[in-house]
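Just so you know, we're using my numbering here: the sequence shown kicks off at 36 and counts up by one. C-beta atoms are modelled at their ideal positions from N, C-alpha and C, and glycine is treated no differently. Read through the structure below, which is laid out as C-alpha coordinates, and then see the notes.
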Amino acid sequence: MDWGAIFSNTAAWMLSPTTIAYAIAATGLAVHFGYAGLLNFGMAGFMAIGAYSYAISILSFGLPWWVGILVGMVMSTVFAFILGIPTLRLRADYLAIATIAAAEIVRLLFTSTAFEEHTNAADGLGGYHAGFRAANPFPEGTYGFGPWTFNANQLWVRVFGLLVLAVCVYLVWALMRSPWGRVLKGIREDEDAVRSLGKNVFSYKMQALVIGGIMGGLGGAVFALPSAVVPASYTTSLTFFLWTILLLGGAATVFGPALGALIFWVIMAFLEGVLPSLAAEGILPMSAIQAATLRFVIVGVALMLLVIFRPQGLLGNKRELTFVK
(Lines of atoms letter the chains of each structure in order from A; the text may use other names.)
(Lines give C-alpha, C1' and ligand atoms only; values in the text may rest on other atoms or scores of the structure.)
Protein backbone atom coordinates (compact mmCIF):
# COMPACT_ATOMS: atom_id res chain seq x y z
CA MET A 36 0.00 0.00 0.00
CA ASP A 37 1.45 3.36 -1.07
CA TRP A 38 0.79 5.45 2.03
CA GLY A 39 2.76 8.38 0.62
CA ALA A 40 0.47 8.70 -2.40
CA ILE A 41 -2.63 8.22 -0.23
CA PHE A 42 -1.68 10.96 2.22
CA SER A 43 -0.54 13.28 -0.58
CA ASN A 44 -3.87 12.92 -2.42
CA THR A 45 -5.79 13.35 0.83
CA ALA A 46 -3.92 16.53 1.73
CA ALA A 47 -4.49 17.93 -1.77
CA TRP A 48 -8.26 17.84 -1.18
CA MET A 49 -7.90 20.31 1.68
CA LEU A 50 -7.53 23.12 -0.88
CA SER A 51 -9.40 21.62 -3.82
CA PRO A 52 -11.96 23.77 -5.70
CA THR A 53 -14.60 21.14 -4.87
CA THR A 54 -13.99 21.51 -1.13
CA ILE A 55 -14.13 25.30 -1.38
CA ALA A 56 -17.29 25.26 -3.52
CA TYR A 57 -19.07 22.93 -1.11
CA ALA A 58 -18.04 25.13 1.81
CA ILE A 59 -19.60 28.16 0.11
CA ALA A 60 -22.83 26.33 -0.69
CA ALA A 61 -23.00 24.82 2.81
CA THR A 62 -22.64 28.32 4.26
CA GLY A 63 -25.75 29.27 2.29
CA LEU A 64 -27.50 26.16 3.59
CA ALA A 65 -26.60 27.25 7.12
CA VAL A 66 -28.55 30.47 6.49
CA HIS A 67 -31.52 28.41 5.26
CA PHE A 68 -31.63 25.73 7.94
CA GLY A 69 -29.28 26.66 10.74
CA TYR A 70 -30.58 30.19 11.21
CA ALA A 71 -33.99 30.35 9.47
CA GLY A 72 -35.12 26.77 10.08
CA LEU A 73 -35.91 26.17 6.39
CA LEU A 74 -35.61 22.48 5.52
CA ASN A 75 -34.23 23.09 2.03
CA PHE A 76 -33.23 19.94 0.16
CA GLY A 77 -32.82 21.72 -3.16
CA MET A 78 -29.41 23.37 -2.84
CA ALA A 79 -28.21 21.34 -5.83
CA GLY A 80 -30.62 23.41 -7.92
CA PHE A 81 -29.06 26.69 -6.77
CA MET A 82 -25.57 25.37 -7.51
CA ALA A 83 -26.65 24.21 -10.97
CA ILE A 84 -28.20 27.58 -11.75
CA GLY A 85 -25.07 29.42 -10.62
CA ALA A 86 -22.80 27.18 -12.69
CA TYR A 87 -24.93 27.18 -15.84
CA SER A 88 -25.63 30.91 -15.65
CA TYR A 89 -21.90 31.55 -15.47
CA ALA A 90 -21.06 29.26 -18.40
CA ILE A 91 -23.98 30.29 -20.64
CA SER A 92 -23.32 33.99 -20.06
CA ILE A 93 -19.82 33.53 -21.44
CA LEU A 94 -20.43 30.97 -24.21
CA SER A 95 -23.80 32.11 -25.58
CA PHE A 96 -23.73 35.84 -24.90
CA GLY A 97 -20.01 36.65 -24.82
CA LEU A 98 -20.16 38.37 -21.43
CA PRO A 99 -17.04 38.85 -19.26
CA TRP A 100 -16.45 36.16 -16.64
CA TRP A 101 -17.20 38.48 -13.73
CA VAL A 102 -20.51 39.45 -15.30
CA GLY A 103 -21.26 35.74 -15.56
CA ILE A 104 -20.75 35.49 -11.79
CA LEU A 105 -23.21 38.35 -11.28
CA VAL A 106 -25.72 36.76 -13.67
CA GLY A 107 -25.49 33.57 -11.62
CA MET A 108 -26.29 35.55 -8.47
CA VAL A 109 -29.28 37.23 -10.15
CA MET A 110 -30.63 33.96 -11.50
CA SER A 111 -30.22 32.34 -8.08
CA THR A 112 -32.30 35.18 -6.66
CA VAL A 113 -34.99 34.64 -9.29
CA PHE A 114 -35.03 30.91 -8.56
CA ALA A 115 -35.33 31.63 -4.82
CA PHE A 116 -38.43 33.76 -5.46
CA ILE A 117 -39.96 31.17 -7.81
CA LEU A 118 -39.29 28.45 -5.24
CA GLY A 119 -40.19 30.44 -2.15
CA ILE A 120 -43.46 32.13 -3.08
CA PRO A 121 -45.49 28.88 -3.27
CA THR A 122 -43.53 26.81 -0.71
CA LEU A 123 -42.40 28.91 2.25
CA ARG A 124 -45.77 28.58 3.95
CA LEU A 125 -45.51 24.79 3.86
CA ARG A 126 -44.67 22.70 6.90
CA ALA A 127 -41.03 21.62 7.14
CA ASP A 128 -41.44 18.09 5.76
CA TYR A 129 -43.53 19.28 2.82
CA LEU A 130 -40.99 22.04 2.15
CA ALA A 131 -38.25 19.40 1.98
CA ILE A 132 -40.21 17.39 -0.60
CA ALA A 133 -40.99 20.48 -2.68
CA THR A 134 -37.37 21.67 -2.74
CA ILE A 135 -36.07 18.23 -3.76
CA ALA A 136 -38.54 18.24 -6.63
CA ALA A 137 -37.58 21.78 -7.66
CA ALA A 138 -33.87 20.91 -7.80
CA GLU A 139 -34.60 17.84 -9.92
CA ILE A 140 -36.74 19.92 -12.28
CA VAL A 141 -33.85 22.35 -12.72
CA ARG A 142 -31.41 19.52 -13.46
CA LEU A 143 -33.78 17.89 -15.96
CA LEU A 144 -34.34 21.22 -17.72
CA PHE A 145 -30.60 21.57 -18.22
CA THR A 146 -30.47 17.98 -19.47
CA SER A 147 -33.35 18.46 -21.89
CA THR A 148 -32.64 18.82 -25.61
CA ALA A 149 -35.18 21.68 -25.73
CA PHE A 150 -32.44 24.09 -24.62
CA GLU A 151 -29.53 22.23 -26.21
CA GLU A 152 -28.37 25.32 -28.07
CA HIS A 153 -27.38 26.92 -24.78
CA THR A 154 -26.97 23.99 -22.34
CA ASN A 155 -25.58 21.26 -24.64
CA ALA A 156 -28.08 18.93 -22.93
CA ALA A 157 -26.60 15.94 -21.07
CA ASP A 158 -23.08 16.59 -22.40
CA GLY A 159 -22.78 19.82 -20.45
CA LEU A 160 -20.65 22.87 -21.17
CA GLY A 161 -16.91 23.53 -21.31
CA GLY A 162 -14.40 25.88 -22.88
CA TYR A 163 -15.48 29.00 -20.99
CA HIS A 164 -12.26 29.45 -19.00
CA ALA A 165 -10.34 31.95 -21.15
CA GLY A 166 -11.71 35.13 -19.58
CA PHE A 167 -11.21 33.99 -16.00
CA ARG A 168 -7.70 32.78 -16.71
CA ALA A 169 -6.85 36.03 -18.51
CA ALA A 170 -7.71 37.88 -15.29
CA ASN A 171 -5.20 35.75 -13.36
CA PRO A 172 -2.93 38.11 -11.35
CA PHE A 173 -0.31 35.41 -10.77
CA PRO A 174 2.58 35.05 -13.25
CA GLU A 175 3.20 31.70 -14.94
CA GLY A 176 5.05 29.30 -12.72
CA THR A 177 4.69 26.76 -9.94
CA TYR A 178 3.49 27.73 -6.48
CA GLY A 179 3.31 25.97 -3.14
CA PHE A 180 4.98 22.84 -1.86
CA GLY A 181 4.30 19.13 -1.46
CA PRO A 182 0.70 18.16 -2.20
CA TRP A 183 -0.21 21.85 -2.37
CA THR A 184 1.71 22.56 -5.57
CA PHE A 185 -0.24 24.46 -8.23
CA ASN A 186 0.33 26.17 -11.53
CA ALA A 187 -0.83 29.77 -11.94
CA ASN A 188 -4.36 28.90 -13.12
CA GLN A 189 -4.90 26.34 -10.38
CA LEU A 190 -3.73 28.82 -7.77
CA TRP A 191 -6.01 31.53 -9.16
CA VAL A 192 -9.08 29.27 -8.93
CA ARG A 193 -8.30 28.46 -5.29
CA VAL A 194 -7.53 32.04 -4.28
CA PHE A 195 -10.70 33.33 -5.92
CA GLY A 196 -12.77 30.57 -4.30
CA LEU A 197 -11.30 31.30 -0.87
CA LEU A 198 -12.03 35.01 -1.30
CA VAL A 199 -15.66 34.23 -2.14
CA LEU A 200 -15.87 31.91 0.87
CA ALA A 201 -14.39 34.57 3.14
CA VAL A 202 -16.95 37.13 1.96
CA CYS A 203 -19.82 34.68 2.50
CA VAL A 204 -18.61 33.73 5.98
CA TYR A 205 -18.20 37.39 6.95
CA LEU A 206 -21.65 38.23 5.59
CA VAL A 207 -23.26 35.46 7.65
CA TRP A 208 -21.33 36.55 10.75
CA ALA A 209 -22.41 40.18 10.32
CA LEU A 210 -26.04 39.38 9.51
CA MET A 211 -26.54 37.03 12.42
CA ARG A 212 -25.21 39.65 14.85
CA SER A 213 -27.68 42.20 13.51
CA PRO A 214 -31.34 42.73 14.54
CA TRP A 215 -32.34 41.01 11.28
CA GLY A 216 -30.41 37.91 12.28
CA ARG A 217 -31.96 37.86 15.73
CA VAL A 218 -35.43 37.96 14.22
CA LEU A 219 -34.44 35.12 11.89
CA LYS A 220 -33.31 33.01 14.85
CA GLY A 221 -36.58 33.80 16.57
CA ILE A 222 -38.48 32.51 13.55
CA ARG A 223 -36.45 29.31 13.70
CA GLU A 224 -37.37 28.80 17.34
CA ASP A 225 -41.05 29.88 17.30
CA GLU A 226 -42.41 31.66 14.26
CA ASP A 227 -45.86 32.11 15.82
CA ALA A 228 -44.32 34.13 18.65
CA VAL A 229 -42.40 36.29 16.16
CA ARG A 230 -45.55 36.77 14.09
CA SER A 231 -47.43 37.89 17.20
CA LEU A 232 -44.86 40.68 17.58
CA GLY A 233 -45.88 42.10 14.21
CA LYS A 234 -43.01 40.73 12.13
CA ASN A 235 -43.62 39.56 8.57
CA VAL A 236 -42.37 35.99 8.91
CA PHE A 237 -42.85 35.18 5.23
CA SER A 238 -40.75 38.16 4.21
CA TYR A 239 -37.89 37.18 6.53
CA LYS A 240 -37.96 33.61 5.28
CA MET A 241 -37.86 34.82 1.69
CA GLN A 242 -34.90 37.06 2.42
CA ALA A 243 -33.06 34.15 4.05
CA LEU A 244 -33.87 31.91 1.08
CA VAL A 245 -32.51 34.52 -1.33
CA ILE A 246 -29.30 35.15 0.63
CA GLY A 247 -28.56 31.47 1.10
CA GLY A 248 -29.53 30.78 -2.53
CA ILE A 249 -27.08 33.38 -3.81
CA MET A 250 -24.33 31.67 -1.82
CA GLY A 251 -25.40 28.37 -3.35
CA GLY A 252 -25.15 29.93 -6.80
CA LEU A 253 -21.68 31.26 -6.01
CA GLY A 254 -20.68 27.80 -4.84
CA GLY A 255 -21.89 26.40 -8.16
CA ALA A 256 -19.87 28.97 -10.11
CA VAL A 257 -16.70 28.19 -8.14
CA PHE A 258 -17.38 24.48 -8.64
CA ALA A 259 -17.44 25.08 -12.41
CA LEU A 260 -14.33 27.28 -12.63
CA PRO A 261 -11.62 24.62 -13.07
CA SER A 262 -13.46 22.07 -15.22
CA ALA A 263 -16.86 21.85 -16.94
CA VAL A 264 -20.56 22.13 -16.17
CA VAL A 265 -22.20 18.70 -16.36
CA PRO A 266 -25.81 18.16 -15.25
CA ALA A 267 -24.96 14.77 -13.72
CA SER A 268 -22.97 16.65 -11.06
CA TYR A 269 -26.10 18.29 -9.64
CA THR A 270 -28.12 15.28 -8.51
CA THR A 271 -29.73 14.90 -5.10
CA SER A 272 -26.53 13.30 -3.78
CA LEU A 273 -24.88 16.73 -3.98
CA THR A 274 -27.55 18.13 -1.65
CA PHE A 275 -27.13 15.20 0.73
CA PHE A 276 -23.37 15.80 0.80
CA LEU A 277 -24.05 19.44 1.69
CA TRP A 278 -26.34 18.38 4.53
CA THR A 279 -23.68 16.01 5.81
CA ILE A 280 -21.14 18.84 5.72
CA LEU A 281 -23.53 21.21 7.48
CA LEU A 282 -24.42 18.78 10.27
CA LEU A 283 -20.78 17.77 10.67
CA GLY A 284 -19.52 21.31 11.21
CA GLY A 285 -22.57 22.71 12.97
CA ALA A 286 -25.80 23.96 11.40
CA ALA A 287 -26.15 27.21 13.33
CA THR A 288 -22.50 28.24 13.18
CA VAL A 289 -20.52 30.65 11.04
CA PHE A 290 -17.41 28.55 10.49
CA GLY A 291 -19.03 25.12 10.79
CA PRO A 292 -19.82 24.68 7.07
CA ALA A 293 -16.23 25.44 6.04
CA LEU A 294 -14.84 23.07 8.67
CA GLY A 295 -17.39 20.42 7.72
CA ALA A 296 -16.47 20.64 4.03
CA LEU A 297 -12.78 20.30 4.85
CA ILE A 298 -13.26 17.26 7.08
CA PHE A 299 -15.81 15.61 4.78
CA TRP A 300 -13.68 15.72 1.63
CA VAL A 301 -10.46 14.81 3.45
CA ILE A 302 -12.17 11.71 4.86
CA MET A 303 -13.70 10.84 1.48
CA ALA A 304 -10.32 11.20 -0.25
CA PHE A 305 -8.56 9.14 2.42
CA LEU A 306 -11.11 6.31 2.23
CA GLU A 307 -11.00 6.42 -1.58
CA GLY A 308 -7.28 5.69 -1.39
CA VAL A 309 -7.25 3.21 1.48
CA LEU A 310 -10.27 0.99 0.83
CA PRO A 311 -9.42 -0.06 -2.78
CA SER A 312 -5.83 -0.73 -1.67
CA LEU A 313 -7.09 -2.97 1.13
CA ALA A 314 -9.30 -4.80 -1.37
CA ALA A 315 -6.39 -5.21 -3.81
CA GLU A 316 -4.28 -6.80 -1.07
CA GLY A 317 -7.08 -9.20 -0.16
CA ILE A 318 -7.75 -7.67 3.26
CA LEU A 319 -11.27 -6.68 2.22
CA PRO A 320 -13.30 -9.48 0.54
CA MET A 321 -14.53 -7.35 -2.35
CA SER A 322 -13.39 -5.74 -5.58
CA ALA A 323 -11.64 -2.37 -5.70
CA ILE A 324 -14.76 -0.77 -7.21
CA GLN A 325 -16.93 -2.13 -4.41
CA ALA A 326 -14.39 -0.97 -1.83
CA ALA A 327 -14.43 2.55 -3.28
CA THR A 328 -18.22 2.59 -2.93
CA LEU A 329 -17.95 1.40 0.66
CA ARG A 330 -16.75 4.85 1.68
CA PHE A 331 -20.28 6.21 1.21
CA VAL A 332 -21.59 3.56 3.61
CA ILE A 333 -18.96 4.46 6.19
CA VAL A 334 -19.70 8.18 5.89
CA GLY A 335 -23.43 7.49 6.15
CA VAL A 336 -22.98 5.47 9.35
CA ALA A 337 -20.73 8.20 10.74
CA LEU A 338 -23.43 10.78 9.99
CA MET A 339 -26.03 8.69 11.83
CA LEU A 340 -23.77 8.46 14.86
CA LEU A 341 -23.10 12.20 14.69
CA VAL A 342 -26.81 13.05 14.66
CA ILE A 343 -27.42 10.69 17.58
CA PHE A 344 -24.53 11.66 19.84
CA ARG A 345 -23.62 15.21 18.74
CA PRO A 346 -26.49 16.68 16.71
CA GLN A 347 -25.17 20.23 17.09
CA GLY A 348 -22.05 19.35 15.08
CA LEU A 349 -18.41 19.95 15.94
CA LEU A 350 -18.69 23.70 16.48
CA GLY A 351 -22.38 24.00 17.36
CA ASN A 352 -24.13 24.84 20.59
CA LYS A 353 -26.83 22.32 21.49
CA ARG A 354 -29.10 25.08 22.78
CA GLU A 355 -29.05 26.76 19.36
CA LEU A 356 -31.21 24.19 17.58
CA THR A 357 -34.78 23.31 18.34
CA PHE A 358 -34.56 19.79 16.93
CA VAL A 359 -31.98 18.71 19.48
CA LYS A 360 -33.80 19.94 22.60
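To which residues of the same chain is residue i closer than 7 Å at the C-beta, ignoring the five residues directly before and after it?
i             : result
alanine 256   : Gly85, Ala86, Tyr89, Ile104, Gly107
leucine 197   : Ile55
lysine 360    : Confidence in lysine 360 is poor, its pLDDT being 41 and thus under 50, which makes the residue's placement too unreliable to answer from.
leucine 50    : Trp183, Arg193
alanine 157   : Thr146, Pro266
isoleucine 93 : Trp100, Gly103, Tyr163, Gly166
valine 204    : Thr62, Val289, Phe290, Ala293
glutamate 175 : Ala187
tyrosine 239  : Val218, Leu219, Ile222
alanine 286   : Ala65, Phe68, Gly69, Gly348, Gly351, Leu356
Can you list, in chain order, the residues of its chain whose CB lies under 8 Å from that of residue i, leaving out five sequence neighbours each side?
i              : result
leucine 282    : Gly295, Leu338, Leu341, Val342, Pro346, Gly348
glycine 393    : One cannot answer for residue 393 here, as it falls past the ends of the chain, which runs 36 to 360.
leucine 313    : Met36, Leu319, Ala326
arginine 168   : Asn188, Trp191
methionine 303 : Trp48, Arg330, Val334
alanine 228    : Gly221
What three-state label does DSSP hand residue i in the structure shown?
i                 : result
valine 264        : strand
glutamate 316     : coil
proline 342       : Sequence inspection shows valine at residue 342; the proline mentioned does not correspond to that position. Valine 342 falls in the helix class under three-state DSSP.
threonine 112     : helix
leucine 50        : helix
leucine 349       : coil
threonine 270     : coil
phenylalanine 305 : helix
methionine 78     : helix
threonine 45      : helix
methionine 241    : helix
methionine 36     : coil
threonine 288     : coil
serine 322        : coil
isoleucine 55     : helix
proline 99        : coil
serine 92         : helix
glycine 72        : coil
glycine 233       : coil
Are the beta-carbon atoms of residue i and residue j separated by less than 7 Å?
i                 : j                : result
phenylalanine 305 : threonine 45     : yes
glycine 80        : alanine 138      : yes
methionine 250    : isoleucine 59    : yes
leucine 260       : valine 309       : no
serine 298        : tyrosine 57      : One detail in the question is off: residue 298 reads as isoleucine in this sequence, not serine. In this structure, tyrosine 57 does not lie closer than 7 Å to isoleucine 298 by Cβ.
tryptophan 48     : valine 301       : yes
glycine 218       : alanine 115      : In the sequence as displayed, the identity of residue 218 is valine instead of glycine. Not closer than 7 Å, so no.
threonine 146     : proline 266      : yes
threonine 274     : phenylalanine 76 : yes
leucine 144       : leucine 74       : no
alanine 83        : arginine 142     : yes
proline 292       : alanine 65       : yes
glycine 72        : arginine 223     : yes
glycine 179       : alanine 263      : no
tryptophan 208    : valine 289       : yes
glycine 284       : histidine 67     : no
leucine 252       : serine 111       : Correcting the residue type first, residue 252 is glycine in the shown sequence and not leucine. Yes. Within cutoff.
leucine 200       : methionine 78    : no
In chain order, what residues of the same chain have a beta carbon less than 6 Å from the beta carbon of residue i, not counting five sequence neighbours either side?
i                 : result
histidine 153     : Ile91, Ser95
methionine 321    : Ala314
proline 311       : Ala323, Ala326, Ala327
alanine 127       : Leu74
phenylalanine 358 : Bear in mind that the predicted position of phenylalanine 358 carries a pLDDT of just 45, short of 50, making it too unreliable to give a figure here.
alanine 40        : none
leucine 232       : none
phenylalanine 150 : none
Practice prompt. Mind listing, in chain order, the continuous beta strand (DSSP E) runs of no fewer than 3 residues lying wholly within the segment 147 to 211?
Written response: Under the rule that a run must span 3 or more residues, the beta strand (DSSP E) segments found entirely inside the segment 147 to 211 read 177 to 180, 183 to 186.
Discussion item. List, from N- to C-terminal side, the beta strand (DSSP E) runs of 3 residues or more that fit wholly inside the segment 117 to 151.
Written reply: For the segment 117 to 151, not a single whole beta strand (DSSP E) run of length 3 or above is found.
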